[in-house]
Structure formats: structure tokens, C-alpha cells
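First the structure, in the form of C-alpha cells, and then the observations on it.
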Amino acid sequence: MRVRGHLSVQPRHSSIPGQQATRLAWLLPVHAAGGLPLRCDLQVGWHAHAAAAAAAAAAAAAAAAAASAAAAAAAAAAAAAAAADMSAAELPSEAGKPVDASFAAAAATAATADSAAAAAADTAMDDLAGLYEAADAPAAAAGPAAGVAASSGGGDASYLAKLSAEQQQAEHMAQPQPQPQPQPRVGAAGVGAGDALAEPRSRARLDVAGKSYLAPLTTVGNLPFRRLCVGLGCEVTCGEMALATNLLQGQASEWALLKRHPSEKLFGVQVCGGYPDAMSHLAQLLDENIDTDFVDINCGCPIDIICERGAGSALLTRPKRLEHVVRATAACISKPVVVKIRKGYYDNTDVAHGIIPQMAEWGAAAVTLHGRSRQQRYSRAADWEYIRRCAGIAAEAGLPLVGNGDVFSYSEWAARLSGTGVATAMIGRAALVKPWVFTEIAERRLWDISASERLDLLKAFASHGLEHWGSDSRGVEATRRFLLEWLSYTHRYIPVGLLEVTPQLMQWRPPAYRGRNELETLLASESAADWVRISEMLLGPAPPGFNFVPKHKSNAYAVGADAVAQLAGAAAGTEAARAAAADVAAAAGEEEQENG
Numbered sequence: 022m023r024v025r026g027h028l029s030v031q032p033r034h035s036s037i038p039g040q041q042a043t044r045l046a047w048l049l050p051v052h053a054a055g056g057l058p059l060r061c062d063l064q065v066g067w068h069a070h071a072a073a074a075a076a077a078a079a080a081a082a083a084a085a086a087a088a089s090a091a092a093a094a095a096a097a098a099a100a101a102a103a104a105a106d107m108s109a110a111e112l113p114s115e116a117g118k119p120v121d122a123s124f125a126a127a128a129a130t131a132a133t134a135d136s137a138a139a140a141a142a143d144t145a146m147d148d149l150a151g152l153y154e155a156a157d158a159p160a161a162a163a164g165p166a167a168g169v170a171a172s173s174g175g176g177d178a179s180y181l182a183k184l185s186a187e188q189q190q191a192e193h194m195a196q197p198q199p200q201p202q203p204q205p206r207v208g209a210a211g212v213g214a215g216d217a218l219a220e221p222r223s224r225a226r227l228d229v230a231g232k233s234y235l236a237p238l239t240t241v242g243n244l245p246f247r248r249l250c251v252g253l254g255c256e257v258t259c260g261e262m263a264l265a266t267n268l269l270q271g272q273a274s275e276w277a278l279l280k281r282h283p284s285e286k287l288f289g290v291q292v293c294g295g296y297p298d299a300m301s302h303l304a305q306l307l308d309e310n311i312d313t314d315f316v317d318i319n320c321g322c323p324i325d326i327i328c329e330r331g332a333g334s335a336l337l338t339r340p341k342r343l344e345h346v347v348r349a350t351a352a353c354i355s356k357p358v359v360v361k362i363r364k365g366y367y368d369n370t371d372v373a374h375g376i377i378p379q380m381a382e383w384g385a386a387a388v389t390l391h392g393r394s395r396q397q398r399y400s401r402a403a404d405w406e407y408i409r410r411c412a413g414i415a416a417e418a419g420l421p422l423v424g425n426g427d428v429f430s431y432s433e434w435a436a437r438l439s440g441t442g443v444a445t446a447m448i449g450r451a452a453l454v455k456p457w458v459f460t461e462i463a464e465r466r467l468w469d470i471s472a473s474e475r476l477d478l479l480k481a482f483a484s485h486g487l488e489h490w491g492s493d494s495r496g497v498e499a500t501r502r503f504l505l506e507w508l509s510y511t512h513r514y515i516p517v518g519l520l521e522v523t524p525q526l527m528q529w530r531p532p533a534y535r536g537r538n539e540l541e542t543l544l545a546s547e548s549a550a551d552w553v554r555i556s557e558m559l560l561g562p563a564p565p566g567f568n569f570v571p572k573h574k575s576n577a578y579a580v581g582a583d584a585v586a587q588l589a590g591a592a593a594g595t596e597a598a599r600a601a602a603a604d605v606a607a608a609a610g611e612e613e614q615e616n617g
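Here the sequence shown stands for residues 22 to 617, numbered as in this note's numbering.
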């Protein structure tokens with residue numbers, strides 16, 4: 022007697038050592054009025070197959086009795102016959118034990134069942150065969166694993182799904198995997214000439230040709246001052262010099278130097294460092310966190326503490342280190358990189374003309390050249406003939422060159438650019454003395470600005486300062502301090518209406534004069550006490566006992582002669598006196614405000 026149904030056998034480990042379990046899914050059809058196939062899902066051990074078969078027959082009989090007696094008899098006969106067809110040889114025993122005798126007894130009982138019931142069961146199975154084939158079609162289309170899962174219990178479905186996922190993962194791992202691309206190395210190791218991994222991503226372009234450019238200025242080139250210059254017509258601005266080591270250490274005061282005001286349309290940040298690994302890490306941070314249009318590497322700072330650390334102008338004495346710093350920075354940032362240098366480190370030993378042609382290969386987008394050596398500081402006039410020569414060399418390398426040094430008026434700015442190949446001229450100390458120089462450049466004229474208009478500019482700076490540093494007592498005093506630093510430069514301005522020869526030159530040291538009104542005379546005062554008085558007009562009284570000493574030596578020339586005389590009188594006629602007097606005189610003409 023044949024029994025049509027579904028039987029799925031899925032061996033799996035049991036919780037009992039040495040024993041396996043088998044899931045038997047018997048789908049026993051019940052052909053009753055509107056009846057559905059009966060599913061008997063049994064999980065048994067090898068030693069209990071006979072008892073399981075008998076239980077299956079009993080369950081089928083109980084279900085059939087609820088529908089109709091004839092259909093129940095057919096279902097019971099079918100179950101018993103199926104159990105009888107499974108011989109003891111087909112069911113393995115555990116540890117050599119014979120199959121339980123109850124299984125054979127159940128098979129014998131099924132063999133003696135009524136022939137009419139057997140015929141009815143056969144007919145019912147034939148009628149439902151098509152239904153089972155239709156039910157199996159989706160599972161067959163989905164694959165063997167899906168078919169087995171459909172005929173198994175809920176636990177087996179998740180188990181087989183896990184097996185299928187593991188099989189797919191194994192097949193994926195067996196396939197050849199693409200080799201990962203090598204990543205560029207960062208830092209001192211591996212960054213050098215000829216190292217392909219240290220090449221910059223692509224040399225970004227920077228267009229500053231013919232634009233008025235405010236130099237990065239320590240202390241006074243802060244955000245409120247740059248904002249004031251933009252309002253007066255400045256087109257390119259750059260933040261104060263920030264040290265790479267301080268930035269990498271997370272000093273908040275150093276990161277504040279990199280802040281940009283929305284009015285700054287073309288803005289750069291200037292950083293200073295002497296080690297390629299530090300500069301490469303810093304370049305990544307700047308690229309990801311700072312809103313800037315370009316990055317300026319200060320390789321021209323003459324200050325002793327910077328040069329002693331191997332940065333600034335000291336890099337001009339180590340061309341390989343300079344190359345590594347520029348390459349490392351350009352390779353790790355998507356913004357244009359500008360390199361600011363001087364003629365050289367020592368007097369009469371110019372090196373810039375030999376370095377500039379290589380900078381394009383290193384990844385620089387532009388170069389700024391100050392027309393003095395590090396030893397000269399600001400004691401001599403800038404060498405613009407040398408700047409013009411280097412501009413031609415830079416043009417052959419496809420590199421824009423920005424000139425720097427002693428531009429104090431519109432006529433000087435125009436002369437530096439006319440037919441020289443210089444992209445533009447950077448303005449530093451002139452902007453501190455007369456920030457309206459940008460208006461003069463834009464309008465191509467000398468501006469005989471009145472004292473009241475100059476006071477309005479001071480008011481605007483104070484307003485910008487309170488907005489930037491805060492209007493509390495701490496913010497007010499910060500604004501006062503930076504205002505006084507700026508006033509230590511503005512007093513050097515000589516009104517155009519008082520000049521016999523125009524324009525005023527940077528090297529002039531004007532004598533004391535009386536202005537056209539009291540306010541103009543006050544603004545020309547070289548006394549720090551008068552500067553404090555001006556600050557009190559804008560910010561209220563200074564704190565008790567307040568005393569201001571300029572950070573930079575912009576006003577040193579005013580007391581230079583007296584200092585030399587006093588020093589000479591203290592040690593008259595000695596070699597030490599002459600040497601000391603020379604040092605004081607050099608300090609009197611030295612202005613370290615401009616970074617490069």
C-alpha cells in the first residue's frame with residue numbers, strides 16, 4: 022500500500038552525547054469535507070522510532086474521528102502502512118540496539134486493516150497528489166534549502182537559513198578578492214623627493230593677480246582688524262601666524278587665530294612648523310575642520326624663537342627639510358598651498374631664486390617673496406629688483422609670485438606690479454599705519470583722510486572687537502589691548518595735507534608735528550599715555566593702575582636716539598659701548614610685526 026506524503030529527515034546534534042535526533046515530518050492527508058492535510062511534526066531519537074510511529078497513527082486516528090469515521094480509518098491505515106513500509110534495516114540502531122518491537126506490532130496491525138478503508142485512503146491520496154505538487158512548486162523554484170525549510174518546523178527554518186548564509190559566505194571567500202590599493206604614507210618617513218606616495222593630490226590653483234592682499238600680521242592682524250580692512254577694500258586676507266605644535270596640542274587660543282569672518286571673501290590661514298610629520302597631520306586637520314581658501318606656510322619668519330626651533334627662516338638653510346615640509350603639507354590638503362620665504366638667511370647669500378623653480382613640483386600653488394634676508398630684518402629697504410628677477414623664474418615654472426616689502430601707497434603698489442611679472446604686492450605694515458591704503462588702491466588716489474574719519478575707523482575697530490571678544494569686562498580689556506597695539510602704529514601716519522612731498526614712504530621717521538586740529542595732533546602722539554586716553558574715549562576708563570607697553574618695536578625709533586645717547590654716556594669710549602650702541606640702533610629700526 023502506497024502512502025503519498027512529505028517526509029523530511031534532517032539529522033542534527035542532540036543535547037545527549039553520542040546521540041542524534043531526526044525530524045520526521047509526516048503530512049497525512051485527511052480527505053474529509055473541506056478537510057486539510059494533517060501535519061505530524063515529530064522529533065525522536067533512533068531508539069524510539071517505533072513508539073513515534075504508533076503515536077503518529079494514534080494522532081491521525083483522533084483527528085480523523087472528529088471529521089468522519091471513514092476518513093479517519095483511511096488516515097489511520099495510511100499512517101500504519103507507512104510505518105510498516107519502514108523496515109528495521111532502513112532505521113539504524115543506536116550502539117547496536119535492535120529496533121523496538123512495538124514498531125513491528127504497529128506494522129502488523131496496519132496490514133490486517135480493512136481493504137475498503139485502504140482503497141478509500143488510496144483514492145484520497147490520489148486526489149490530493151496534485152495539491153502537494155502545486156504546494157511544492159514554489160519551494161522547488163527557491164532551491165533545495167528553501168524546500169527543506171518549508172517542510173520543516175520553525176526551528177529548522179532558522180537553522181537552515183543560517184547554514185545557507187554560511188555557505189554563501191564560504192563561496193564568497195573562495196572567490197579571488199581584489200587587492201587593496203596602497204595608501205599614501207604621511208609623516209617624515211617616506212616623504213621625500215622622488216617618492217610617488219608623497220606627491221600632492223593635485224596642485225590647486227590660487228588666483229590673486231592684481232588683488233589687494235593683506236599680509237598675515239602677528240597680534241594686530243586679528244579678525245576685527247581684518248574685518249575693518251575688508252570694509253576699506255581689501256580683497257585677500259590671511260590670519261595671524263599659528264604654530265603647528267600648538268595647534269596639534271589643541272590650544273584653543275591658537276585655533277582661535279584661524280577663525281574667519283563672513284566678510285572675508287578670499288581668506289587664508291598661515292601656519293609655521295619645521296617638521297614634515299607635524300605639518301602633514303596639521304594639514305589634514307585644517308582640510309577637515311577649517312573654513313579657508315588657502316594655507317600659507319611661513320618659511321620666512323625672522324624671530325629668534327621660531328628659527329631656533331628649525332622653522333621660519335631657518336628652513337632656508339636646510340633645503341631638503343623645506344622640501345619635505347612643503348611636500349607633506351601639499352600631499353595632505355585639498356586647498357592651495359602658498360609658501361612664504363625671504364631672499365635668504367644670511368646677507369649677500371640669496372637662495373630664493375634656486376628654490377622657487379622647485380616649489381611647483383613640491384605642490385605649492387604660489388610663493389610669496391619678502392625682499393630682505395633674515396639677518397636684515399627690516400633695517401634696509403626691500404630689494405624689489407631681486408623680487409622681479411624671481412618673478413620671471415617663477416613664471417617659467419608656472420608659479421604665481423607675490424612680492425612683499427615697503428609698499429605704502431597706491432603709486433608704489435602699482436609700480437611694483439607694472440611689467441614685472443609679479444602677481445600682486447602684499448601689504449603689511451602700511452595697513453597698520455593707514456588701513457585705508459586699500460581704499461587708495463581701489464580708487465587709485467591718495468586719500469587726505471580727516472582726523473574725525475580716522476576716529477570713526479577706531480570706533481569701528483572697537484565695535485568689531487567687542488563683538489568678537491565679548492562686551493563683558495574681559496572682552497572690553499581684550500579689545501583695549503589690541504586697540505592700543507594698533508595705535509602704536511597709527512601715530513606714524515602723516516596727513517597728506519601736511520606733506521611737502523608725496524607720497525609718504527615706509528622708511529620715513531616723521532618728526533613731531535602739530536595737526537590741523539586737536540584730534541589730529543592727539544592721533545599723532547608717540548606717547549603711550551595718549552594712546553590709553555584714546556582707548557578711554559571709545560571703551561571707557563581703563564582699570565586702576567593700567568599700564569601699556571607695546572609688544573612690538575614699531576615705536577622704537579622714537580626713543581632710539583635717547584637710548585643710544587644714554588648707553589654711550591654709560592660706557593663712553595669703550596668698544597663695548599660702541600657695540601651696544603649699534604645693537605640699540607639696530608633694534609630701533611627693527612620691526613618684527615610682519616611675520617615674513
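Every residue, glycine too, gets a C-beta built ideally from N, C-alpha and C.
Between the beta-carbon of residue i and the beta-carbon of residue j, is there less than 8 angstroms?
i: Cys411; j: Ile377; result: yes
i: Leu544; j: His512; result: yes
i: Glu261; j: Asn267; result: no
i: Gly561; j: Ala472; result: no
i: Cys259; j: Leu235; result: yes
i: Asp308; j: Lys356; result: yes
i: Gly496; j: Leu504; result: no
i: Phe569; j: Cys255; result: no
i: Phe8; j: Val347; result: The question about residue 8 has no answer here: the residues shown for the chain are numbered 22 through 617.
i: Tyr514; j: Lys455; result: yes
i: Leu559; j: Leu249; result: no
i: Leu688; j: Phe429; result: Residue 688 cannot be examined here, being either before or after the span of the chain that is shown, 22 to 617.
Rounding to the nearest angstrom, what Cα-Cα distance links residue i and residue j in this structure?
i: Gly384; j: Met300; result: 14 angstroms
i: Thr240; j: Ala499; result: 12 angstroms
i: Val522; j: Lys480; result: 30 angstroms
i: Thr338; j: Gln291; result: 21 angstroms
i: Pro564; j: Arg247; result: 27 angstroms
i: Pro58; j: Ala182; result: Annotation note: pLDDT 42 at Pro58 (below 50); position unreliable, coordinate value reported separately. One C-alpha to the other measures close to 26 angstroms.
i: Lys280; j: Gly289; result: 10 angstroms
i: Ala463; j: Gly566; result: 43 angstroms
i: Ala402; j: Leu303; result: 35 angstroms
i: Ala273; j: Leu227; result: 29 angstroms
i: His374; j: Asp493; result: 51 angstroms
i: Gln188; j: Pro340; result: 59 angstroms
i: Tyr431; j: Arg342; result: 38 angstroms
i: Gly295; j: Ala335; result: 9 angstroms
i: Asp404; j: Val443; result: 13 angstroms
i: Gly331; j: Leu520; result: 44 angstroms
i: Gly491; j: Cys293; result: 28 angstroms
i: Gln379; j: Pro245; result: 37 angstroms
Taking all protein chains shown into account, do 16 or more other C-beta atoms lie within 10 angstroms of the C-beta of residue i, making it buried, or fewer, making it exposed?
i: Glu354; result: Residue identity differs from the one stated: residue 354 is Ile in this sequence, not Glu. It is buried - the Cβ of Ile354 has at least 16 other Cβ atoms within 10 Å.
i: Ala451; result: buried
i: Val229; result: buried
i: Asp317; result: buried
i: Glu285; result: buried
i: Met447; result: buried
i: Gly440; result: exposed
i: Gly424; result: buried
i: Pro237; result: buried
i: Ser548; result: exposed
Relative to the C-alpha of residue i, which candidate in the options has its C-alpha closest?
i: Thr445; options: Val388, Val358, Pro357, Ala533; result: Val388
i: Asp427; options: Trp529, Gly566, Leu269, His489; result: Trp529
i: Gly365; options: Gln305, Val347, Ser509, Tyr407; result: Tyr407
i: Gly518; options: Val316, His374, Arg437, Leu467; result: Leu467
i: Glu506; options: Ala550, Leu336, Thr542; result: Ala550
i: Trp457; options: Leu476, Val358, Ser439, Val443; result: Leu476
i: Gln305; options: Ser509, Ala351, Ser546; result: Ala351
i: Tyr367; options: Ala415, Glu547, Arg395; result: Arg395
i: Asp298; options: Leu508, Leu269, His282, Asn310; result: Leu269
i: Asn319; options: Arg363, Leu438, Gly419; result: Arg363
i: Gln397; options: Thr370, Arg409, Ile414; result: Thr370
What are the partner residues of residue i, as DSSP defines its beta bridges?
i: Tyr234; result: Val257, Met447
i: Val422; result: Note that residue 422 is Leu in the sequence shown here, rather than Val. In DSSP, Leu422 forms a bridge with Val388.
i: Arg537; result: Per DSSP, none; premise fails for Arg537.
i: Asp317; result: Gln291, Val359
i: Ala263; result: Val292
Does the beta carbon of residue i sit closer than 8 angstroms to a beta carbon anywhere in chain D?
i: Ile354; result: Checking the listed chains, one finds no chain D in this structure; it contains a single protein chain.
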